[in-house]
Each structure stands twice: as C-alpha cells, then as structure tokens.
Amino acid sequence: MELIDREETRRIGSLLDGITAEEIRADPDANYSDIAFAIERHVEHRLTPAVPRWHVDRSRNDLQACAQLLFGKDQVIRAAASLAAFGRSAHRLAARHLHTPMPGYTHLQSAQIITPGFYLAAVAGRALHTTERLLHTYRGIDLCPLGAGAMAGQELPWDRGRMARLLGFRRADPHALAAVASRDWVLEVTAELSLLATSLARFCTDLMTWGSSAYGLIELPDELSGISSAMPQKKNYPVLERIRGRSAHLVSLHLDAVLAQRNTPFSNTVEVSKEAGAHLLTVFDTLHSTLSLFTTVLDHLHFREERALALCEREYLGGFSLANLLTLEEGVPWRRAQVVAGRFITAAVERGLSPAEADPELLKAVASENGFDLARPEHLLTESFDVRRGLLRKNSPGSTHPDSVRALLAEQAARFDAAEKEWAANAQRTGAALAETDRLLEIPDTGAGSASPEGSDR
C-alpha cells in the first residue's frame, strides 16, 4: 500500500527479528503487561527517525488470534509426528505376530482365537484414523485471522490473501468477526485428542490385564517395570498406569476448553481468547508424553507365545466353529447347532476334559439327545478345537486370518505414507512462507524459518 518505504521496512524487520524473551517484559506502566503492546513499544522506542505509519489501522484482536493459531498449527504438526511414531510402532509389532495364537476376550472372558498382530492392527488403525481426522481438522482451521481487525474488518485495503500466504496459511478467514471471535480450532483439536485418549486408555487397559500374573501374556523389560517394596515377588508395570492416567487429562482439558467458551458472546473476549485456551500447551505436552511412553512400551513389548498358546488350548474357543460345522456339514439348523455345541462343551468341562481330549462319542450322544445323528463327530472336533486350524478358519476381510491382517497392514502402511506426506507438505509450506516473509523484511537467513514435519520453531 506504499505506506512505508523499503528502508523503513528493513529497520522495522530488523527490530522485530532482534526481540528476545528477556527484552519483552510485563510492565503495567510501560505496556499494560500486554505482549502486543510490549512488542509495539519495543520497536517504536528504537525507530529513529520515527515511522508514524508503521502500525496504522491495526488491532490486537486479529494479531493475537493469528499468533495463537500459528502456534496451534505448529503444535498440531508436531502432534501428528508423535502420533505417526506411535502408530508405526504398533504396525511393526503387529507384523511380527501374524501367526501367534492368543485368546481374544469379550466381557473379560476367553472368547475366540486371535493374534497379537490382529489386535495391534486395531491399535495402528486408531492412530491412523486420528492422524487422518487431524488432517481434516488442520485443513479446516488453516484460515488466517490477520486483517480482520477488531471485529468488522479494516479501513485500509490490506491484501489479506497475500498476508495469509506469507504466514503459511491456506487462505484468509473469509469472515472478520468469526476470525477474532471464534476459537473453535481449540475445541476441534482437543476434541480429536480426547477421542484418541479414550482409545489409548482402552488399549492400555488390555495391556494391563494381559500383563497381570493371572494372564501372563506379555512382559516388559526391567527398565520399564517396577517392584513392590513389601512384595518382592511382584513385577509391576506402573508405566501402563501412567499412560492410562495421563490419557484422562486429555479428556478433561478438552472439557475445560468447551466450558470456558460456552455462554460467551460471539466476539473477541478475554474469556475466550485467553482463558479458554489457557491449558492448550498442557494438552500438547500431555499428548507427547503419553504417546512417547506408549511408543516405548510397544517398542519393548514381549508376547509370551507359549503361554498364549497354552491359554488357547485349555479353553473351548472353537465353540463357534463347531456350531458352524454342525450346520454346514451335518445339516443341523443354526440355532439348534448352537444348543448342541453349548451342551457338548458344558458336558465336556463337567467331565474335566480339555479340548484336546474332547470325546467324539460324547458329542454324538449330545447331538442324539437333541434329535440329530452325526456322521463324523471326530472330524468336527478336530476341525473345531485345533488352535492353529481355528486361527485359519476365519476367512472374511478384516478377520484375524494372517493373510487378512497382512493385507490390512499393507493398506495401513500406504495410508500412513500418504498422511505423513501431507503433514510434511504442511510444515514445508509454513517454513517456506516464513522464509519469504523474512526475505521481504530483509532479515538475514539463519535457517530458523525452515520447517520440518516436527514443526517450525518460529
């Protein structure tokens, strides 16, 4: 707009670039303890000769909204990197256990044969799901508030589109009031993280259960374990308790942000612009520590394969298969087949028989009592209660069959690659934009304007 000349621009840029935390102090007399005023006065007091127009037609409202959103975008990019590391860790561990039978549990009871790979593919899937949802959220919040003014726009013809691009935003926020009144991006981001935290807590609960002495399915190295001062025989896993405990903060801090915004007028207010986001940095710090701990756990987790197989072999986990085979091979109606299978398993347990000791004559007798004559009871039992056959009997896409899990992991790997590529592009765009802004202000290139997938430091 030709309000200041190139030399004035260079001097202002140099003064802004030289600001340090030590120079910007809260001073109620000099700057009302307001960081925007502090920056403005830092520059003004050093501009000789003065540049009266350098801060004309400006407001703190859009400046602060923009600075906060720049911070938020940077933190979301960093969060995505932590989430990708966690998801990739689960993905790698899953790939190592496609053929390891273990009991799957419903209602905390042994239910069907699965594998750690099958379960961990769900963990990786939730991480991927959140990563992709955060990408959608990022696209929606990538709107620059700068140039919106106090609430109704500005009087000079600012090129808001160019301003947005020079700060790495996709475009300018199209509505001046929404740009300064809304902090929905805080709610959207913390909402996604609270949903993730809920899933993390559930996964962690399963690991806590599997690591108990009653189950004994997993083990962590001593470095990630604790002891009891009174009971030396115990090997505790407090790291899992820590992870689950921290996940609760992500849920409660989202609720804090929601409650701080509700029942407020739709305009710029301290309540919304300051208090509602007061714990945002804590949210991201908590997320990073939670994911870091969980990633470390997965990187060092050991599945006790012999123990898992023994648990499968002692339970009648093939009851569902037996009912299917009774229908498909012996012509027993499906609901009646479930009754026969259930009564057979009950009778076998009462006799103290393990699945490996299952008696074909007992199955034939139970079926006969229910009006059915079986042709091949021994074949039915062999097919139903052999653990490894049971694992391979699942044939639908998304099942625990090793081939199905392998295909799912391949799909997930491609989606992780695509998401990480987009996150890297977001970071690169911001870094390039800040570098261009520095160039226009004739600030020497120190590399600080560059950005990586982990985010920018500016």
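So the sequence shown is numbered by the working numbering: it starts at 836 and just counts up by one. The beta-carbon is built from N, C-alpha and C at its ideal position, and this holds for glycine as well.
Between the options, which has its C-alpha nearest residue i's C-alpha?
{"i": "residue 961", "options": "1247, 1018, 1139", "result": "1247"}
{"i": "residue 1116", "options": "892, 1075, 852, 908", "result": "908"}
{"i": "residue 1109", "options": "864, 902, 848", "result": "902"}
{"i": "residue 989", "options": "1030, 1137, 898", "result": "898"}
{"i": "residue 958", "options": "930, 1279, 1200, 874", "result": "930"}
{"i": "residue 887", "options": "847, 1099, 980", "result": "847"}
{"i": "residue 1137", "options": "1093, 1045, 1204, 1092", "result": "1045"}
{"i": "residue 811", "options": "849, 945, 890", "result": "The shown model of the chain, from 836 to 1293, leaves out residue 811, and the question about it has no answer."}
{"i": "residue 1126", "options": "914, 1177, 1241, 934", "result": "914"}
{"i": "residue 1050", "options": "867, 1167, 839, 1145", "result": "1145"}
{"i": "residue 1039", "options": "1279, 955, 881", "result": "955"}
{"i": "residue 1270", "options": "852, 1159, 964", "result": "852"}
{"i": "residue 1178", "options": "927, 1080, 1198", "result": "1198"}
{"i": "residue 855", "options": "844, 874, 866, 865", "result": "874"}
{"i": "residue 963", "options": "1053, 1028, 889", "result": "1028"}
{"i": "residue 1156", "options": "1070, 1106, 1217", "result": "1217"}
{"i": "residue 1113", "options": "1067, 1021, 1268, 1062", "result": "1021"}
{"i": "residue 976", "options": "1089, 996, 1186, 1008", "result": "1008"}
{"i": "residue 952", "options": "982, 1235, 1229", "result": "1235"}
{"i": "residue 838", "options": "850, 894, 884, 890", "result": "890"}
{"i": "residue 1204", "options": "1231, 1230, 1174, 1191", "result": "1174"}
Spatial neighbours of residue i within its chain, please: C-beta separation below 7 angstroms, excluding the five flanking residues on both sides.
{"i": "residue 991", "result": "836, 892"}
{"i": "residue 1253", "result": "none"}
{"i": "residue 1130", "result": "920, 921, 924"}
{"i": "residue 911", "result": "969, 973, 1024"}
{"i": "residue 1212", "result": "1195, 1198, 1199"}
{"i": "residue 1034", "result": "961"}
{"i": "residue 1172", "result": "1158, 1161, 1162"}
Looking at the secondary structure, which residues open and close the alpha helix (DSSP H) in which residue i lies?
{"i": "residue 1263", "result": "1237-1275"}
{"i": "residue 875", "result": "870-879"}
{"i": "residue 1033", "result": "1019-1045"}
{"i": "residue 1091", "result": "1073-1096"}
{"i": "residue 1173", "result": "1169-1185"}
{"i": "residue 1225", "result": "1222-1227"}
{"i": "residue 836", "result": "Run containing residue 836: none; DSSP gives neither H nor E here."}
{"i": "residue 1012", "result": "1011-1016"}
{"i": "residue 818", "result": "With the chain covering only 836 through 1293, there is no way to say anything about residue 818."}
{"i": "residue 810", "result": "Nothing can be reported for residue 810, as the shown portion of the chain is limited to 836 through 1293."}
{"i": "residue 1199", "result": "1195-1204"}
{"i": "residue 1108", "result": "1105-1108"}
Which same chain residues, not among the five before or five after residue i, have their C-beta less than 6 angstroms away from its C-beta?
{"i": "residue 1006", "result": "999"}
{"i": "residue 896", "result": "985, 1015, 1103"}
{"i": "residue 936", "result": "948, 1144, 1147, 1222, 1226"}
{"i": "residue 1209", "result": "1165, 1199, 1202"}
{"i": "residue 1237", "result": "933, 934"}
{"i": "residue 1036", "result": "1079, 1082"}
{"i": "residue 1100", "result": "none"}
{"i": "residue 1048", "result": "none"}
{"i": "residue 1176", "result": "1154, 1157, 1158"}
{"i": "residue 1107", "result": "1018, 1096, 1099"}
{"i": "residue 1288", "result": "Low local confidence applies: a pLDDT of 44 at residue 1288 is under 50, so the model's placement there is unreliable, and no value is given."}
{"i": "residue 1140", "result": "935"}
Which of the three DSSP states, helix, strand or coil, is assigned to residue i?
{"i": "residue 945", "result": "strand"}
{"i": "residue 857", "result": "coil"}
{"i": "residue 1288", "result": "Only weak support is given to the placement of residue 1288: the predicted model assigns it a pLDDT of 44, under 50, and the question is left unresolved by the model."}
{"i": "residue 890", "result": "coil"}
{"i": "residue 843", "result": "helix"}
{"i": "residue 1004", "result": "coil"}
{"i": "residue 850", "result": "helix"}
{"i": "residue 1140", "result": "helix"}
{"i": "residue 1213", "result": "helix"}
{"i": "residue 990", "result": "coil"}
{"i": "residue 1150", "result": "coil"}
{"i": "residue 1280", "result": "coil"}
{"i": "residue 1061", "result": "strand"}
Apart from the five residues on each side of it in sequence, which residues of its chain come closer than 8 angstroms, Cβ to Cβ, to residue i?
{"i": "residue 1189", "result": "1148, 1149"}
{"i": "residue 1257", "result": "970"}
{"i": "residue 858", "result": "877"}
{"i": "residue 1182", "result": "1197, 1201"}
{"i": "residue 1132", "result": "1042, 1055, 1059, 1074, 1075, 1078"}
{"i": "residue 845", "result": "1276, 1277"}
Please tell me whether residue i has its Cβ less than 8 angstroms away from any Cβ of chain D.
{"i": "residue 1056", "result": "The structure shown has no chain D; it contains just one protein chain."}
Measuring only from the beta carbon, is residue i closer than 7 angstroms to any heavy atom that is part of the ligand ATP?
{"i": "residue 1168", "result": "The ligand ATP is not part of the structure shown, which contains no ligands of any sort."}
Problem - Ranges of the alpha helix (DSSP H) found wholly within the segment 892-980, counting only runs of at least 4 - result: 895-930, 951-976
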